[in-house]
Amino acid sequence: MARFLAAAAAAATGVQVGSAMVATRVVVDQTGPTSLALLRYVIGFCCLLPVVWLSAGPVRFARRDVLPIALLGITQFGILIALLNYGLRFIPSARAALIFATFPLLTMVLAAALGHERLTLPKILGVLLTIAGVGVALGEKALQGGGAQEWVGELAVFASALSGAVCSVLYRPYLRKYPALPVSAFAMLASVGFLAILAAGEGFFASPPRFTPGGWLAIVFIGLSSGVGYYLWLWALGHAPATQVTVFLALSPITAAGLGALFLGEAISGVSAVGLACVALGLWLAHWRAPAP
422 MARFLAAAAA
432 AATGVQVGSA
442 MVATRVVVDQ
452 TGPTSLALLR
462 YVIGFCCLLP
472 VVWLSAGPVR
482 FARRDVLPIA
492 LLGITQFGIL
502 IALLNYGLRF
512 IPSARAALIF
522 ATFPLLTMVL
532 AAALGHERLT
542 LPKILGVLLT
552 IAGVGVALGE
562 KALQGGGAQE
572 WVGELAVFAS
582 ALSGAVCSVL
592 YRPYLRKYPA
602 LPVSAFAMLA
612 SVGFLAILAA
622 GEGFFASPPR
632 FTPGGWLAIV
642 FIGLSSGVGY
652 YLWLWALGHA
662 PATQVTVFLA
672 LSPITAAGLG
682 ALFLGEAISG
692 VSAVGLACVA
702 LGLWLAHWRA
712 PAP
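Under my numbering, the first residue of the sequence shown is numbered 422, with each subsequent residue one higher.
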C-alpha cells in the first residue's frame, strides 16, 4: 500500500509540475524568472507553515542535518529553477522538456552508483521508454533550432536535471529520519533566502510587483500547488526508491502540452497519444516487480 500511495503522490506531483509550467507561461512576461520563482516558493512556504505547526508543532533538526537539508532545498528549489529558466533563454521549451526528461535516468544511475537501488532490466527499459514517450509526444518541436548559443541552453537544462537527480537521491536519509512536511517547509524556506538574493539583482525589491489580475491568479495557483506538490514529492521519496518516484516527471510535459492546448490554444498533434502510451507503459515497467518464486 505504501508503494502505491508513493506512486500516486509522485504522479500527482508530475501533473502539478506540468500545470505550473502552463501557468508560468501566463505570467512569465510580467516579471523576471528568479522573481517569479521567489514568489512561487514564498507562497508555497506560507502554505506549508501552518500545516506543519498544527500537525506536529515545530520539529527539531539535529544540528549536523540543518546545513545539508538547507543545501538540498537551495539546490532543488533555487539552483534547479535558475538553471532551467536560464536554459530556456537559448532553446525552445519543447527541447528543454525533452532534456529535462532525463531526470529519472540520471537518478537511476546515481542511486545505483551509491548502492541505494538495484538496477533491473524492467526498470531500465521503463525509464528509457518514458523518455522516448516524451520525445514522441513533443515531436518536431523538440528538434526546432534555438539561438546561436543553443548548446549553452542545453547544458544548463541538463545541469538542472542533474541537480534535481542528486537531490532526489540524497534526500532519502533525512526523509527517513524526519517527517516529510517539516523537511519540505525548511528546504523551501532555505531556497527563499537564496532566491531573494538573485531576485534583488532583477530589481524585485526596487518597486512593488505589478501583475494583471490573471497574472496574480497564476502566481497564487503556482505557489499553492507547489507547496502541496513538493510535500507530496518528498513524501514519495521517503516511501519509494528515487527512480520510481522521479520517473513520474514524464507526466509533466504531457500535462503541459494538454493544458496548453486546452487553455492557451497551443497546437498538439495526434501522435501525442502514442507518446502518452509510451509513457504509461514505461511507468508500468519501472514499477514492475517479478513475482516471488
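Glycine included, every Cβ here is placed at the ideal spot set by N, Cα and C. Predicted, not measured: the structure shown is a model, and the values here were computed from it.
Using 8 angstroms for Cβ pairs, my map puts residue i next to residue j. What's the rounded Cβ distance?
i      : j      : result
Ala427 : Val666 : 7 angstroms
Gly439 : Leu680 : 7 angstroms
Ala671 : Gly585 : Actually they do not touch by this definition, with Cβ atoms about 14 angstroms apart.
Val590 : Leu535 : 6 angstroms
Ile520 : Val557 : The Cβ separation is near 15 angstroms, so there is no contact.
Thr434 : Gly650 : 5 angstroms
Ser647 : Gly465 : 4 angstroms
Leu459 : Ala606 : That pair is no contact at about 16 angstroms.
Excluding sequence positions up to five away, which residues of its chain have a Cβ less than 7 angstroms from the Cβ of residue i?
i      : result
Ile374 : Nothing about residue 374 can be reported from this structure: the residues present for the chain run from 422 to 714 only.
Leu596 : Val604, Leu655, Leu658 and Gly659
Ala444 : Ala639, Phe642 and Ile643
Among the residues of its own chain, which have a CB less than 6 angstroms from the CB of residue i, if the five just before and after it don't count?
i      : result
Pro543 : Leu706 and Trp709
Gly547 : Gly703, Leu706 and Ala707
Tyr462 : Phe498, Met609, Ser612 and Val613
Cys468 : Leu645 and Gly648
Leu417 : What is shown of the chain runs 422 to 714, which leaves residue 417 out entirely.
May I have the straight-line CA-CA distance separating residue i from residue j, to the nearest angstrom?
i      : j      : result
Leu702 : Ile643 : 29 angstroms
Thr664 : Asn506 : 24 angstroms
Leu509 : Arg481 : 39 angstroms
Ala698 : Leu583 : 26 angstroms
Leu619 : Ser628 : 16 angstroms
Ala483 : Phe524 : 30 angstroms
Glu538 : Ala432 : 20 angstroms
Ala430 : Glu575 : 29 angstroms
Pro600 : Val472 : 12 angstroms
Ala517 : Val436 : 17 angstroms
Pro594 : Ile512 : 36 angstroms
Ser476 : Met422 : 23 angstroms
Gly624 : Ala533 : 43 angstroms
Gly696 : Ala491 : 37 angstroms
Leu493 : Arg631 : 31 angstroms
Asp486 : Lys598 : 10 angstroms
Pro714 : Leu504 : Note that Pro714 has pLDDT 48, beneath the 50 cutoff, so the model's placement of it is unreliable and no number is given.
Here's a check: name, in chain order, each residue in its chain whose Cβ is nearer than 8 angstroms to the Cβ of residue i, leaving out the five neighbours to either side.
i      : result
Val700 : Leu550, Thr551, Gly554, Val555, Ala558, Ala671, Leu672 and Ile675
- Cβ contact check for the region 647-657 and the region 568-585: 3 or more pairs under 8 angstroms: no
- Task: Check whether the region 447-458 touches the region 625-639, taking contact to mean three or more Cβ pairs, one atom from each stretch, closer than 8 angstroms.
- Result: yes
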